[in-house]
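Quick note on numbering: my numbering labels position 395 of the sequence shown as 410, and the sequence is numbered without any gaps.
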Amino acid sequence: MNYQEAIEFLYTSLPVYQRDGVSAYKPGLSTSIALDDIFGNPHRSYKCIHIAGTNGKGSTAHTLAAVLARAGYKTGLYTSPHIFDFRERIRVDGVKISHDAVVDFVERWLKTGSSLRPSFFELTSTMAFEYFERQGVDVAVIETGLGGKLDSTNIITPVLSVITNISLDHTSLLGDSLTKIASEKAGIIKPGVPVVIGERQTECESVFEEKAVNENAPLYFAEPLDAVRVDGGIVYPDTPFGEITGALEGDCQIKNTATIICAIERLVEDGFVISDEAVKSGFFNVCDDTGLLGRWTKLREHPLTVCDTGHNIGGWEYIAEQLSSLRKKTVHLIIGFVNDKDISPILKKISEIDIDVRLYFSSPSVSRGLDAGVLAERAVLFGLTGEIVPDVNHALDEAASKSGEDDMILIAGSNFLIADLKMP
16 MNYQEAIEFL
26 YTSLPVYQRD
36 GVSAYKPGLS
46 TSIALDDIFG
56 NPHRSYKCIH
66 IAGTNGKGST
76 AHTLAAVLAR
86 AGYKTGLYTS
96 PHIFDFRERI
106 RVDGVKISHD
116 AVVDFVERWL
126 KTGSSLRPSF
136 FELTSTMAFE
146 YFERQGVDVA
156 VIETGLGGKL
166 DSTNIITPVL
176 SVITNISLDH
186 TSLLGDSLTK
196 IASEKAGIIK
206 PGVPVVIGER
216 QTECESVFEE
226 KAVNENAPLY
236 FAEPLDAVRV
246 DGGIVYPDTP
256 FGEITGALEG
266 DCQIKNTATI
276 ICAIERLVED
286 GFVISDEAVK
296 SGFFNVCDDT
306 GLLGRWTKLR
316 EHPLTVCDTG
326 HNIGGWEYIA
336 EQLSSLRKKT
346 VHLIIGFVND
356 KDISPILKKI
366 SEIDIDVRLY
376 FSSPSVSRGL
386 DAGVLAERAV
396 LFGLTGEIVP
406 DVNHALDEAA
416 SKSGEDDMIL
426 IAGSNFLIAD
436 LKMP
């Protein structure tokens with residue numbers, strides 16, 4: 016088996032949520048526990064940090080991993096989904112899992128002859144856990160895939176749990192209210208394990224407090240931080256680790272940073288040795304150190320061109336606020352979504368942006384991609400019109416040809432739309 020054959024097995028022989036949607040979702044931990052037993056319970060050989068939340072968990076996971084690596088810990092990082100390369104999901108000290116390691120794992124799994132029928136995420140989570148053991152990591156930062164309580168990653172017992180925030184997303188699977196979704200995310204809270212909540216939300220606080228009391232888990236809410244925007248980042252002048260500069264520029268990163276700082280404080284209390292310099296360098300170098308993409312990522316300076324993987328109303332509330340604050344003459348907004356997501360709140364939010372916005376309706380190339388024409392029809396219901404350009408790269412060329420010096424271009428709406436970009 017070569018690498019391409021291994022990847023084809025993972026994508027064609029297993030249910031994949033990112034490709035198939037709800038039909039691939041397998042709630043429950045029985046298969047993950049059985050897989051874990053087959054491979055010798057690898058996650059028990061190192062410390063873990065578990066991260067859940069509707070928005071911000073990817074940025075939080077990557078930044079924590081960067082800080083820990085800068086502090087001298089050999090650090091595993093498991094996140095999803097990937098954008099360009101499957102191997103983005105599994106990293107050690109920022110380096111993607113090797114092609115050979117992927118092939119080796121798949122071959123060994125097939126040789127077990129097991130009657131289990133795991134999903135793509137269940138099997139790749141096991142791959143990550145075992146790879147981290149084989150690499151001898153000191154600590155692994157593990158991001159949930161979807162939800163928390165029934166997520167495949169929830170077989171671990173971490174030294175710290177982090178829940179970034181709660182917003183309406185995946186409501187058909189997790190519940191149709193913030194309280195119900197918070198209950199699912201709170202499922203990662205473990206007996207006696209400290210938990211950091213990144214954002215105080217009236218509807219959710221009591222859910223987390225009750226769960227923490229039941230599990231005898233120390234509960235911490237992140238405190239807001241002062242922040243100053245500078246060219247190339249955001250400065251946080253007064254943190255417990257001194258002044259730090261975060262390389263991630265989206266407005267949402269201010270709350271993420273408060274979450275991360277609170278989490279680092281808990282790790283230090285637990286005995287991790289993390290210097291002020293490690294914190295500062297981890298925040299400043301997170302993209303280079305971990306390969307993080309799609310979080311208000313700047314693609315070009317002229318015209319200013321940014322991509323962002325905000326794909327739910329919580330993410331778009333930040334995007335809309337940031338677009339308004341930039342006060343560009345015109346924003347050329349290229350959007351595209353998957354076909355099983357409720358995009359009405361997002362379209363309503365776009366219609367409320369109080370600057371000149373020119374829309375380009377596009378479509379991710381995956382089978383779940385919402386047809387650009389259908390997207391345009393739905394947008395009309397919110398008073399939104401624009402050009403239909405199904406291929407995102409053609410849409411980008413079109414937007415660039417019509418952009419003035421004081422304009423900007425934003426590509427947003429789905430990880431899969433960003434994945435289709437031919438990066439400049």
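Heads up, the beta-carbon is just placed ideally off N, CA and C, and yes, glycines get one too.
Return the CA-CA distance between Y26 and I349, expressed in angstroms with no decimal places. 28 Å
Are the CB atoms of G306 and R106 within a distance shorter than 8 Å? yes
With K200 and G257 assumed to form a contact (beta carbons below 8 Å), what rounded beta-carbon distance in angstroms separates them? Their Cβ separation, rounded to whole angstroms, is 31 Å, which puts K200 and G257 out of contact at 8 Å.
According to DSSP, is T254 part of a helix, a strand, or is it coil? strand
Per DSSP, what kind of secondary structure is L385 in: helix, strand or coil? coil
Count Cβ pairs between the stretch 403–414 and the stretch 325–339 that sit closer than 8 Å; are there 3 or more? no
C-alpha gap between W311 and L263, whole angstroms: 7 Å
Taking C-beta to C-beta, are R104 and Y93 nearer than 8 Å? yes
Across the stretch 262–279 and the stretch 243–251, are there enough close Cβ pairs to call them in contact, namely three or more that are closer than 8 Å? yes
Report yes if the CB atom of S213 is closer than 8 Å to the CB atom of K270, and no otherwise. Note on identity: in this sequence residue 213 is Gly, with Ser being the wrong assignment. Taking 8 Å as the Cβ cut-off, G213 and K270 qualify as a contacting pair.
Indicate whether the contact test is met: 3 or more Cβ pairs, each with one atom in the stretch 279–290 and one in the stretch 217–232, closer than 8 Å. no
Could you name the residues of the same chain whose beta carbon sits closer than 7 Å to that of S296, not counting the 5 residues immediately before and after it, in chain order? R85
Would you decide whether Q268 is buried or exposed? Buried here means 16 or more other CB atoms lie within 10 Å of its CB. buried
Closest to F136 by C-alpha separation, out of L341, V177, D166, would be which residue? D166
With 16 other CB atoms within 10 Å as the buried threshold, where does M142 fall? buried
According to DSSP, is F90 part of a helix, a strand, or is it coil? Note that residue 90 corresponds to Thr in the displayed sequence, not to Phe. Strand at T90.
Pairwise C-alpha distance: I370 and K437: 28 Å
Integer Cβ distance of L399 from L425, believed to fall under 8 Å: That pair is no contact at about 15 Å.
Is R281 buried or exposed, if buried means 16 or more other CB atoms sit within 10 Å of its CB? buried
State the Cα-Cα distance for the pair E420 and D323, rounded to the nearest angstrom. 21 Å
Starting from T320 and walking both ways along the alpha helix (DSSP H), at which residues does that stretch end? Looking at the DSSP string, T320 is not in any alpha helix (DSSP H); the run it does join, the beta strand (DSSP E), is 319–323.
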